[in-house]
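Colleague:
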Amino acid sequence: MNLQSSRNYDLQAAVLEAEQRFATANAKSRGNYEAACAVMPGGNTRTVLFYAPFPLTIARGEGCYVTDLDGHSYMDFLGEYTAGLYGHSNPVIKKAIVEGLDRGIVLGGQNETEVKLATLVAKRWGMDRLRFTNSGTEGNLLAINAARAYTKRSKIMGFDGGYHGGVLSMRDSGSPTNVPYDIVLAKYNDIPGTKALIEKHAKDLACVILEPMMGGAGCLPADKAFLDMLRAETTKHGMLLVLDEVVTSRLAPGGAQEIYGVKPDLMSFGKYIGGGLSFGGFGGKAEIMDNFDPRRKDAWPHAGTFNQNQLTMSAGYAGLSQVYTPEVCRAFNAKGDQFRARLQAIAKKSGLPIVITGMGSTQTVHFTRLSEVRTPDDAAKGNSLGKDLLQLDMMARGIYMTRRGMINMSLPMGDKEFDAYAKAWEGFLSDRANVLDKI
Ligand SMILES: Cc1ncc(COP(=O)(O)O)c(C=O)c1O
Numbered sequence: 041m042n043l044q045s046s047r048n049y050d051l052q053a054a055v056l057e058a059e060q061r062f063a064t065a066n067a068k069s070r071g072n073y074e075a076a077c078a079v080m081p082g083g084n085t086r087t088v089l090f091y092a093p094f095p096l097t098i099a100r101g102e103g104c105y106v107t108d109l110d111g112h113s114y115m116d117f118l119g120e121y122t123a124g125l126y127g128h129s130n131p132v133i134k135k136a137i138v139e140g141l142d143r144g145i146v147l148g149g150q151n152e153t154e155v156k157l158a159t160l161v162a163k164r165w166g167m168d169r170l171r172f173t174n175s176g177t178e179g180n181l182l183a184i185n186a187a188r189a190y191t192k193r194s195k196i197m198g199f200d201g202g203y204h205g206g207v208l209s210m211r212d213s214g215s216p217t218n219v220p221y222d223i224v225l226a227k228y229n230d231i232p233g234t235k236a237l238i239e240k241h242a243k244d245l246a247c248v249i250l251e252p253m254m255g256g257a258g259c260l261p262a263d264k265a266f267l268d269m270l271r272a273e274t275t276k277h278g279m280l281l282v283l284d285e286v287v288t289s290r291l292a293p294g295g296a297q298e299i300y301g302v303k304p305d306l307m308s309f310g311k312y313i314g315g316g317l318s319f320g321g322f323g324g325k326a327e328i329m330d331n332f333d334p335r336r337k338d339a340w341p342h343a344g345t346f347n348q349n350q351l352t353m354s355a356g357y358a359g360l361s362q363v364y365t366p367e368v369c370r371a372f373n374a375k376g377d378q379f380r381a382r383l384q385a386i387a388k389k390s391g392l393p394i395v396i397t398g399m400g401s402t403q404t405v406h407f408t409r410l411s412e413v414r415t416p417d418d419a420a421k422g423n424s425l426g427k428d429l430l431q432l433d434m435m436a437r438g439i440y441m442t443r444r445g446m447i448n449m450s451l452p453m454g455d456k457e458f459d460a461y462a463k464a465w466e467g468f469l470s471d472r473a474n475v476l477d478k479i
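In short: position in the sequence shown from 1, add 40, done, that's our numbering.
(1) Based on the DSSP output, what are the partners of residue 306 in its beta bridges?
(2) Of all the options 197, 415 and 258, which has the alpha carbon lying nearest to the alpha carbon of residue 237?
(3) Would you say the beta carbon of residue 284 comes nearer than 7 Å to a heavy atom of ligand 1?
(4) Quick check: what's the CA-CA separation for residue 466 versus residue 431?
(5) What's the gap between the Cα of residue 70 and the Cα of residue 433?
(6) Could you spell out the range, first to last residue, of the alpha helix (DSSP H) harbouring residue 130?
(7) Would you mind working out which of 201, 450, 276 and 155 sits nearest residue 255, comparing C-alpha positions?
(8) Taking residue 455 as the reference, give the member of 378, 392, 391 and 435 with the closest Cα.
(9) Skipping 5 residues on each side, what residues in its chain have a beta carbon closer than 8 Å to that of residue 97?
(10) Going straight from the alpha carbon of residue 418 to that of residue 150, what length do you get?
(11) Examine the Cβ distances between the region 267-284 and the region 230-247 and report whether three or more of them are shorter than 8 Å.
(12) Around the Cβ of residue 56, are there at least 16 other Cβ atoms within 10 angstroms (buried) or fewer (exposed)?
(13) With DSSP collapsed to three states, give me the class of residue 60.
(14) Count the other CB atoms, across all protein chains shown, that sit within 10 Å of the CB of residue 49; report buried if there are 16 or more and exposed otherwise.
(15) Looking only at its chain, what residues have a beta carbon closer than 8 Å to the beta carbon of residue 328, apart from the 5 residues adjacent to it on each side?
(16) Label residue 380 either buried or exposed according to how many other C-beta atoms from any shown protein chain fall within 10 Å of its C-beta, with 16 as the threshold for buried.
(17) I'd like the list of long-range same chain contacts for residue 160, defined as Cβ closer than 7 Å, with 5 residues on each side in sequence excluded.
(18) When you compare the CB positions of residue 119 and residue 450, do they come within less than 8 Å of one another, or not?
(19) Taking the beta carbon of residue 213 as the centre, do at least 16 other beta carbons fall within 10 Å, making it buried, or is it exposed?
(20) Near residue 264, which residues of its chain fall below 7 Å by C-beta distance, leaving aside the five closest residues on each side in sequence?
(21) Out of 385, 395 and 349, point me to the one whose CA is closest to residue 157's CA.
(22) From this set, 209, 273 and 211, which residue's C-alpha is nearest residue 239's C-alpha?
(23) Can you tell me whether residue 310 sits near ligand 1, meaning its C-beta is under 7 Å from at least one heavy atom of the ligand?
(24) Using only the alpha-carbon positions, how far apart do residue 296 and residue 249 sit?
(25) State the CB to CB distance for the pair residue 440 and residue 142, rounded to an integer number of angstroms; the pair is presumed to be in contact (CB under 8 Å).
(26) Should residue 180 be listed as close to ligand 2, given that the test is whether its C-beta is under 7 Å from any heavy atom?
(27) In angstroms with no decimal places, state the Cα-to-Cα distance between residue 174 and residue 166.
(28) Could you pull out every residue in the same chain whose Cβ sits closer than 6 Å to the Cβ of residue 468, ignoring the five residues on either side in sequence?
(29) Of the choices 391, 457, 282 and 398, whose alpha-carbon is the least far from that of residue 473?
(30) Sort 320, 277 and 244 by Cα distance to residue 286 and report the nearest one.
(31) When you compare each of 180, 52 and 221 to residue 311 by their alpha carbons, which one comes out closest?
(32) If we ignore side chains and look at the alpha-carbon of each, how far apart do residue 193 and residue 82 end up?
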């Protein structure tokens, strides 16, 4: 046992004890999980939803609360990994879905709502043209393929630790289920190293794709100078800059690109923009996107049975036009910045080794002795047992959250929920100080 692991011994024991407590309290979720294991590998059809000893089965949700199968109610700070921005029962969205149902579920034709949503989304995020898909993953696949077709180059640049969908994990070790792109992997927020790699592969690179704030890697915002460099270098070498705004589009009325003042050639989007239903898309400059125009003889094909299904289109349009207006978006993310500062202040007062990163309404806690966490390498040095314990203990305190330490706000949340989270966070740090200070 090395020094690090022996120091973690008490923390490990605390996690095991918390898992035991969790298992005892959640017999029905365990039963449902065991049934799932008979038909799905590891009882799971979406990797991120698994955590040990077994995930809660969520039976229902209302506002910003969820209830599990055993009848426990939680404040939902998981927020469907940012797709749950509107909460579980926004009346405007519910009404739009019911009206959509009344028009018929699958119409097999162009519908009016897709045009309304496309017009609104294009204007809000500054795209000349866009197309819808069923998921953010598909949006990214199409954006990458468009870049490859447009530039007639095959390689793409991604960033170690980046995530662009289930088949688009950017990591050094590779992923056996990734699409087989020829990926040049660079380091996030590393200006000289990335610039050198772009120059080295300049003739072959179709695009550089990145999240303006890495989500899955730990809510790590890009440095402004890093994005500026990428914009300049991609232009200089005739490759496209693709911003994956699947998560970050919610951070400002015009997304992270508005915050940074960096305009991509193409962007992808998804999550909450579909009002909580399956959704994704991509878009950008007309000179690239118009290659998808089916009136052209040489048009690039892009299909998808449910691309503009009118339930998603209706929910998305209602949400964006009536609920998540630019004013609401600004106020919501300002509240998120305040909330993050409040949680940071509580952590600082505790004296424990903690860094919280993020932007606006989404943030991640890192248990680390580093003074700042700027890159996936920094984040990976954090203590994952601390995150395990945080999630298990917060759930015992009535807070539903991710195991990776990420929390996401939703619109129905108010002072009651922020105060409750802050109190639970303070209680957790105080109760677990003896194991966390050994990290
Ligand atoms: C940054 C980013 N891009 C793309 C995706 C993929 O979106 P979807 O899960 O809708 O395919 C995700 C999902 O978490 C994401 O976080």
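Built from N, CA and C at the ideal position, the CB exists for glycine as well.
Modeller: Reading it off the structure:
(1) Here residue 306 refers to the residue found at position 266 when the sequence shown is read from its first residue. Bridge partners of residue 306: 282 and 324.
(2) Taking the first residue of the sequence shown as 1, we reach residue 237 at position 197. Cα-wise, what sits closest to residue 237 is 197.
(3) Reading the sequence shown from its first residue, position 244 is the one you call residue 284. Flag set: Cβ of residue 284 near ligand 1.
(4) To locate residue 466, count along the sequence shown from 1; it is residue 426. To locate residue 431, count along the sequence shown from 1; it is residue 391. Distance between the alpha carbons of residue 466 and residue 431: 14 Å.
(5) In the sequence shown, residue 70 corresponds to position 30, counting from 1. In the sequence shown, residue 433 corresponds to position 393, counting from 1. Near 18 Å, if we compare the C-alpha coordinates of residue 433 and residue 70.
(6) In the sequence shown, residue 130 corresponds to position 90, counting from 1. Element bounds for residue 130: n/a, residue is neither H nor E.
(7) Here residue 255 corresponds to residue number 215 of the sequence shown, with the count starting at 1. Closest option to residue 255, Cα to Cα, is 201.
(8) Residue numbering aside, residue 455 sits at position 415 when the sequence shown is read from its first letter. Nearest C-alpha to residue 455: 378.
(9) Here residue 97 refers to the residue found at position 57 when the sequence shown is read from its first residue. The answer, listed in chain order, is 68, 69, 72, 73, 108 and 109.
(10) The residue you call residue 418 lines up with position 378 of the sequence shown. The residue you call residue 150 lines up with position 110 of the sequence shown. Spanning the alpha carbons of residue 418 and residue 150 requires a straight line of approximately 47 Å.
(11) yes
(12) Along the sequence shown, read from residue 1 onward, the residue named residue 56 stands at position 16. So residue 56 counts as exposed.
(13) Locating residue 60 in the sequence shown gives position 20, where the first residue counts as 1. Three-state DSSP puts residue 60 in a helix.
(14) Here residue 49 refers to the residue found at position 9 of the sequence shown. Counting Cβ neighbours within 10 Å, residue 49 comes out exposed, since fewer than 16 surround it.
(15) As a first step, residue 328 must be located in the sequence shown, where it is residue number 288. 186, 187, 190, 280, 305 and 306.
(16) For this step, residue 380 is matched to residue 340 along the sequence shown. Classification of residue 380: buried, given that the 10 Å Cβ count is 16 or more.
(17) In the sequence shown, residue 160 corresponds to position 120, counting from 1. 357, 360 and 361.
(18) In the sequence shown, counting from the first residue as 1, residue 119 sits at position 79. In the sequence shown, counting from the first residue as 1, residue 450 sits at position 410. In contact: residue 119 and residue 450 (Cβ atoms closer than 8 Å).
(19) In the sequence shown, residue 213 corresponds to position 173, counting from 1. The residue is exposed, with fewer than 16 neighbouring Cβ atoms inside 10 Å.
(20) Counting from one through the sequence shown, the residue named residue 264 turns up at place 224. Excluding residues within five positions, the ones whose Cβ falls inside 7 Å are 300.
(21) Position 117 of the sequence shown, counted from the start, is the residue given in the question as residue 157. Closest option to residue 157, Cα to Cα, is 349.
(22) As a position in the sequence shown, residue 239 is number 199, starting the count at 1. When C-alpha distances from residue 239 are compared across 209, 273 and 211, the shortest belongs to 273.
(23) Here the question's residue 310 lines up with position 270 in the sequence shown. Under cutoff, so the answer is yes.
(24) Residue numbering aside, residue 296 sits at position 256 when the sequence shown is read from its first letter. Residue numbering aside, residue 249 sits at position 209 when the sequence shown is read from its first letter. Taking C-alpha positions only, residue 296 is separated from residue 249 by approximately 14 Å.
(25) On the sequence shown, position 400 is the one that residue 440 refers to. On the sequence shown, position 102 is the one that residue 142 refers to. At roughly 33 Å, the Cβ-Cβ gap does not stay under 8 Å, so residue 440 and residue 142 are not in contact.
(26) Of the ligands this structure carries, namely ligand 1, none is ligand 2.
(27) Start at 1 with the first residue of the sequence shown, and residue 174 comes out as number 134. Start at 1 with the first residue of the sequence shown, and residue 166 comes out as number 126. Taking the straight line joining both Cα atoms gives about 21 Å.
(28) The residue you call residue 468 lines up with position 428 of the sequence shown. Excluding residues within five positions, the ones whose Cβ falls inside 6 Å are 433.
(29) Counting from 1 along the sequence shown, the entry for residue 473 is found at position 433. Per the Cα distances, 391.
(30) Along the sequence shown, one-based indexing puts residue 286 at 246. The shortest Cα separation from residue 286 among 320, 277 and 244 belongs to 320.
(31) Taking the first residue of the sequence shown as position 1, residue 311 is located at position 271. Comparing Cα positions, the closest option is 180.
(32) For the purposes of this step, residue 193 is identified with residue 153 of the sequence shown, where counting begins at 1. For the purposes of this step, residue 82 is identified with residue 42 of the sequence shown, where counting begins at 1. Those two C-alpha atoms are separated by around 39 Å.
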